[in-house]
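Visitor: Residue numbers 2 to 85, in the working numbering, belong to the letters of the sequence shown in order.
Note that the Cβ used here is the ideal one computed from N, Cα and C, for glycine as well.
Following this message is one structure expressed as structure tokens.
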Amino acid sequence: MQLDQLDAQLDAVIAHCRKAGLKSQRAVASYALACSLFGNDRVAGDPSIIGILADRSSPQIDRALLIEMWTASAYSDYRRSHGG
């Protein structure tokens with residue numbers, strides 16, 4: 002992937018995060034990492050992530066931690082299913 006393509010993808014993910022109410026760098030970075038590992042469509046369409054993004058009353062740190070936990074769990078499931 003070319004650097005300008007990566008920049009465009011990151012800009013789109015960051016814009017999506019901001020639109021969904023994620024304001025902290027940690028929350029945005031957590032979401033971007035999840036997208037880079039599993040793809041934008043899978044992350045954006047996951048019911049848990051949808052719930053996290055919809056819960057705008059929770060503190061940013063809580064939302065970031067929930068996204069991080071989702072990512073860790075999804076990665077663990079991926080590793081188990083691929084013999085890792």
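Give the secondary structure of Arg57 by DSSP, where H, G and I count as helix, E and B as strand, and everything else as coil.
Guide: Correct three-state label for Arg57: coil.
Visitor: Check this for me: beta carbons of Ala33 and Leu11, under 8 Å apart or not?
Guide: In contact: Ala33 and Leu11 (Cβ atoms closer than 8 Å).
Visitor: Just the Cα atoms here: how many angstroms apart are Arg46 and Pro60?
Guide: It is worth fixing the name first, because residue 46 is Gly in this sequence and not Arg. Taking the straight line from one Cα to the other gives about 22 Å.
Visitor: Hey, Ile62 and Ile50: beta-carbon distance below 8 Å or not?
Guide: Contact: no.
Visitor: State the Cα-Cα distance for the pair Gln79 and Cys36, rounded to the nearest angstrom.
Guide: Before going further, note that residue 79 is Tyr rather than Gln in the sequence given. Rounded to whole angstroms, Tyr79 to Cys36 spans 14 Å at the Cα level.
Visitor: Between Ala55, Ser31, Ser25, Gln6, which has its C-alpha nearest Met70's C-alpha?
Guide: Considering only alpha carbons, the answer is Ser31.
Visitor: Note down the Cα distance separating Ala65 from Asp56, rounded to an integer number of angstroms.
Guide: For Ala65 and Asp56, the distance between alpha carbons rounds to 12 Å.
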